[in-house]
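If you're matching them up, the sequences are chains A and B in order. Numbered according to the working numbering, the first sequence spans residues 394 to 797. Numbered according to the working numbering, the second sequence spans residues 394 to 797. Every residue gets a Cβ at the ideal spot worked out from N, C-alpha and C, and that includes glycine. Just so we're clear, the structure is a prediction, and the values are computed from it rather than from any experiment. Take a look at the structure set out below.
Number of protein chains: 2
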Amino acid sequence: MKKVNGGVCAAKGFKANGIHCGIRKNRTKRDLSLIVSEVPATAAAVYTTNLVKGAPLLVTKAHLANGVAQAIVCNSGNANTCNENGIEVAEKMSEATAKALGISPDDVVVASTGVIGQPLDVTPIVAGLPALAAGLTENGSQAAAEGIMTTDTQLKEVAVEFTLSGKTCRIGGIAKGSGMIHPNLATMLVFITTDAKISPAMLKKALSSDVSDTFNMVSVDGDTSTNDMVTVLANGLAGNPEITCENEDFATFMRALNTVTVALCRMIAGDGEGATRLLECRVSGAADKATARTVAKSVICSSLLKAAMFGADANWGRVLCAIGYSGTAVDVSKIDVSFASAAGTIPVCRNGCGVDFSEEKAKAILSEKEIEILVCLNSGDETSSAWGCDLTYDYVKINGDYRT
Amino acid sequence: MKKVNGGVCAAKGFKANGIHCGIRKNRTKRDLSLIVSEVPATAAAVYTTNLVKGAPLLVTKAHLANGVAQAIVCNSGNANTCNENGIEVAEKMSEATAKALGISPDDVVVASTGVIGQPLDVTPIVAGLPALAAGLTENGSQAAAEGIMTTDTQLKEVAVEFTLSGKTCRIGGIAKGSGMIHPNLATMLVFITTDAKISPAMLKKALSSDVSDTFNMVSVDGDTSTNDMVTVLANGLAGNPEITCENEDFATFMRALNTVTVALCRMIAGDGEGATRLLECRVSGAADKATARTVAKSVICSSLLKAAMFGADANWGRVLCAIGYSGTAVDVSKIDVSFASAAGTIPVCRNGCGVDFSEEKAKAILSEKEIEILVCLNSGDETSSAWGCDLTYDYVKINGDYRT
């Protein structure tokens with residue numbers, strides 16, 4: 394498996410584009426994106442579990458009932474959520490997209506991201522779609538990734554190449570963060586494309602299985618968005634024998650999918666609103682998988698630990714505290730904690746109690762951009778990782794005046 | 394029922410004091426407090442549910458097994474938690490306190506608050522106790538309240554006077570916040586005293602029942618502390634007939650207790666680390682009490698809403714979002730939301746969708762120091778309130794370098 398360029402256009406038969414259509418006041422910021430497969434593709438998606446669901450998600454869910462889609466349209470700048478006419482607007486977006494591409498509205502995945510509770514004017518979207526469609530290219534992944542960004546500071550795309558029964562396949566994705574990030578059995582906006590041939594049931598199985606260990610293990614601020622969605626389109630143009638059961642090809646596909654999703658998770662966490670550091674909590678020695686996941690997520694979600702990481706302060710007591718209130722039945726007296734980064738590794742807690750360590754070395758390790766919080770529960774063999782970021786002045790600044 | 398001065402010394406037979414004994418480097422900051430009843434008192438306490446429990450809580454729990462206590466000793470500057478010799482140190486604190494007062498160590502409630510995981514040197518505590526005990530007075534509540542403060546900027550005390558079967562009784566308390574505040578079936582450090590006569594069983598019942606609607610409904614940062622504890626001492630010196638069942642006097646006592654605890658909750662939330670505003674989410678129209686509590690707490694815990702409140706931004710979509718991910722089965726299409734303060738009330742959402750409102754008026758309302766977020770679920774008669782604070786630059790600053 395190797396990384397390749399091209400994002401959502403890396404796989405055969407996919408084109409993309411992103412333009413400024415006029416939803417945002419800033420004309421230099423793209424606000425409408427389109428991803429299209431040249432043939433109808435097998436499609437799977439997972440959605441937020443928030444009871445307040447964006448209108449686009451409800452429309453997409455209906456469109457994906459048959460497991461087939463050919464295009465993804467997404468605007469930024471407005472979430473089209475908690476609006477009386479939200480469904481109507483999302484349907485109009487689908488119709489305008491279908492018309493511009495000459496496909497059925499039922500084969501369009503529609504998504505929106507931005508402020509909640511402000512009516513979305515569909516006029517600039519409908520007006521912009523012909524130009525958006527006309528500009529579709531095999532080099533359009535970056536433009537599409539830019540068009541879905543909100544407070545993101547980095548565009549997020551990745552792709553890998555792998556082999557199924559001798560056929561070269563590719564899978565790639567784009568994503569946006571970067572606030573209201575605390576996916577729960579669902580996730581933020583992620584669009585993944587592949588030319589692998591895979592049945593709707595197996596694609597759904599692959600995606601659902603993957604998100605529990607990837608997007609559901611990311612948290613920026615503990616707020617589960619109303620508009621989270623991950624969608625995979627698989628158009629089968631790689632020519633591999635269709636995956637219809639859990640064979641070796643399925644395992645390979647799962648590894649490729651996981652490579653893409655973990656890379657996007659790290660990008661989303663590292664570019665969390667206001668973030669200066671990517672945090673990864675790696676839990677080992679857990680008695681069961683659920684405990685490993687819960688402990689990792691609890692640590693990554695602690696506001697106090699996140700603030701300490703911003704200050705490069707090795708305040709490991711906050712790691713123990715977050716494990717203690719996680720709701721798991723861990724044996725505190727067996728917990729070991731270390732901090733690690735490119736600058737080295739430093740043990741700070743053994744058997745639930747502090748150990749002497751060099752504050753200077755700890756500061757050097759925690760001053761890096763990517764920090765690992767290593768927790769060993771010494772109670773079994775299960776492991777899990779969760780991703781987050783530090784809590785900074787800029788998170789407060791961004792969210793103190795996001796809407797106005 | 395009327396408010397009176399005196400805090401934990403308002404009730405008959407209680408004295409208190411607070412001194413600087415040398416745990417903290419800053420000599421102007423008191424770091425050791427003592428509260429004493431002139432006779433043994435009925436005692437009840439609730440503790441954090443965090444699996445990582447401070448050593449003082451374990452010692453206190455053992456001491457209160459018989460439902461009797463006469464003194465409370467508490468240091469700030471060090472939590473005495475995650476230390477190998479924590480129990481030993483907490484026992485030594487009890488013994489030194491008992492010796493200075495001429496009582497049994499088993500009648501001492503011991504508490505600590507501050508950094509986790511750094512050994513607590515008991516020497517300055519033992520050395521300071523004779524002077525601390527010698528300085529006990531009926532005017533000592535403020536000194537005691539100061540001695541338990543960590544990042545608190547305001548001392549927290551309150552007392553009320555009420556009548557039980559014709560006898561005048563008083564109940565008062567002191568508390569400390571102000572970070573790692575997200576009590577779960579337990580709470581932060583709160584010490585309450587009363588001269589009412591009440592049986593151990595009924596005192597425990599009153600406290601346990603009260604905390605579900607008071608301290609458990611406060612959140613500053615979502616982090617449940619390892620050292621949370623609420624203790625009530627009732628010495629019976631008011632001379633009222635002992636409360637031994639749920640009679641009218643018990644109901645009056647509950648109201649008095651609740652007046653004290655709600656006042657302390659508001660002080661703790663309003664003085665949360667870095668806070669500039671006190672937030673109260675008042676939920677009405679809930680189908681059941683659990684839903685009302687969960688919704689109120691979910692709203693008050695949202696980092697995004699807290700940051701918006703810091704910016705006086707009426708971003709009500711974040712209120713809906715937090716209700717949606719709270720895990721309750723609410724009907725989103727029935728939710729109404731308003732913001733209120735001393736400057737007025739403004740409806741912002743009706744039936745789950747936005748309503749037109751004056752941004753100028755909303756800004757004026759949200760610029761006050763105490764903000765109410767009014768949520769009506771229109772699905773029943775149950776209500777609940779939760780208290781929190783805004784998320785500010787100073788929260789990040791305080792916690793980015795708390796330990797160093």
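_Assigned exposure category for Lys369/B - 16 Cβ within 10 Å defines buried_ = Residue 369/B lies beyond the range of chain B shown here (394 to 797); nothing can be said about it.
*Cβ atoms of Ala599/A and Met798/A: under 8 Å apart, would you say?*
There is simply no residue 798/A to check, as chain A begins at 394 and stops at 797 in what is shown.
*asked:* Within the continuous beta strand (DSSP E) that includes Pro433/B, where are the two ends?
replied: 425-440
*What is the DSSP secondary structure of Ala579/B, counted as helix, strand or coil?*
Because the pLDDT of Ala579/B is 44, which lies under 50, any placement of that residue in the model is unreliable, and the question is left without a value.
*Near-chain B residues of the stretch 449-470 of chain A (beta-carbon distance less than 9 Å), N- to C-terminal order*: none
*Can you pull the chain A residues whose beta carbon is under 8 Å from the beta carbon of Cys742/B, in chain order?*
Cys475, Gly510
*Which full runs of the beta strand (DSSP E) of 3+ residues lie inside the stretch 631-699 of chain A, going along the chain?*
671-679
*Looking at the C-beta of Ile716/A, does it have a partner C-beta in chain B at a distance below 8 Å?*
yes
*Just mark Pro523/A as buried or exposed, buried being the case when its beta carbon has 16 or more other beta carbons within 10 Å.*
exposed
_Arg417/A, enclosing alpha helix (DSSP H) - first and last residue_ = Segment: none, Arg417/A is in no alpha helix (DSSP H) and carries neither H nor E.
*In whole angstroms, what is the alpha-carbon distance linking Val688/A and Val613/B?*
21 Å
*Which bits of chain A does Ser772/B rub up against, with CB to CB less than 7 Å?*
What Ser772/B touches in chain A: nothing, since even the nearest Cβ is about 13 Å away.
*Contacting residues, own chain, Cβ-Cβ under 8 Å from Gly406/B (five flanking each side not counted)*: Ser430, Glu431, Val432, Asp588, Asn628, Leu630
*Which chain B residues sit within Cβ distance under 7 Å of Thr617/A?*
Tyr718
*Is Thr580/B buried or exposed, if buried means 16 or more other CB atoms sit within 10 Å of its CB?*
Reliability of the predicted coordinates at Thr580/B is poor, the pLDDT of 47 falling under 50, and the value obtained from them is presented with this limitation in mind. Burial call: buried.
*Specify the secondary structure class of Leu494/A as computed by DSSP and reduced to three states.*
helix
_Tell me which residue opens and which closes the alpha helix (DSSP H) that Gly710/B is part of._
710-717
_So, does the stretch 557-573 of chain B touch the stretch 436-443 of chain B, judging by three or more C-beta pairs under 8 Å?_
no
*Nearest neighbour of Val798/B, chosen from Asp681/B, Gly470/B, Lys690/B, Ala685/B [CA to CA]*: Given that chain B is displayed from residue 394 to residue 797, the structure contains no residue 798/B and the question cannot be resolved.
*asked:* Taking a contact to mean a Cβ-Cβ separation below 8 Å, would you say Gly663/A touches Ala536/A in this structure?
replied: no
*Quick one: Cα of Gly490/A to Cα of Leu525/A, how far?*
Rather than Gly, the amino acid found at residue 490/A in this sequence is Thr. Approximately 9 Å, taken between the alpha carbons.
*asked:* Does Gly745/A pass the burial test, meaning 16 or more other C-beta atoms within 10 Å, or should it be called exposed?
replied: buried
_Pairwise C-alpha distance: Ala685/A and Asp606/A_ = 11 Å
_What would DSSP say about Asn443/A, mapped onto helix, strand or coil?_
coil
*Starting from the Cα of Lys418/A, find the closest Cα among Ser760/A, Pro517/A, Ile758/A, Cys674/A and give me that residue.*
Pro517/A
*Give the secondary structure of Phe703/B by DSSP, where H, G and I count as helix, E and B as strand, and everything else as coil.*
helix
*From what residue to what residue does the alpha helix (DSSP H) around Asn792/B run?*
786-793
*Could you have a look at Ser602/A and say whether DSSP puts it in helix, strand or coil?*
helix
_Status (buried if at least 16 other CB within 10 Å, exposed otherwise) for Ser426/B_ = buried
*Could you list which residues in chain A have their beta carbon closer than 7 Å to that of Tyr786/B, in chain order?*
Tyr786, Val789
*Are the C-beta of Trp780/A and some C-beta of chain B separated by less than 8 Å?*
no
*Okay, do the stretch 446-459 of chain A and the stretch 477-492 of chain A touch, 3+ Cβ pairs below 8 Å being the bar?*
yes
_Contained beta strand (DSSP E) runs [length at least 3] in the stretch 501-545 of chain B, N- to C-terminal order_ = 501-506
*Could you work out which residue in Ser778/A, Asp749/A, Glu531/A, Ser602/A is closest to Glu673/A when comparing CA atoms only?*
Ser778/A
*Checking contacts by CB at 8 Å: is Phe703/A closer than that to chain B?*
yes
*Report yes or no: is there a C-beta of chain B within less than 8 Å of the C-beta of Gly411/A?*
no
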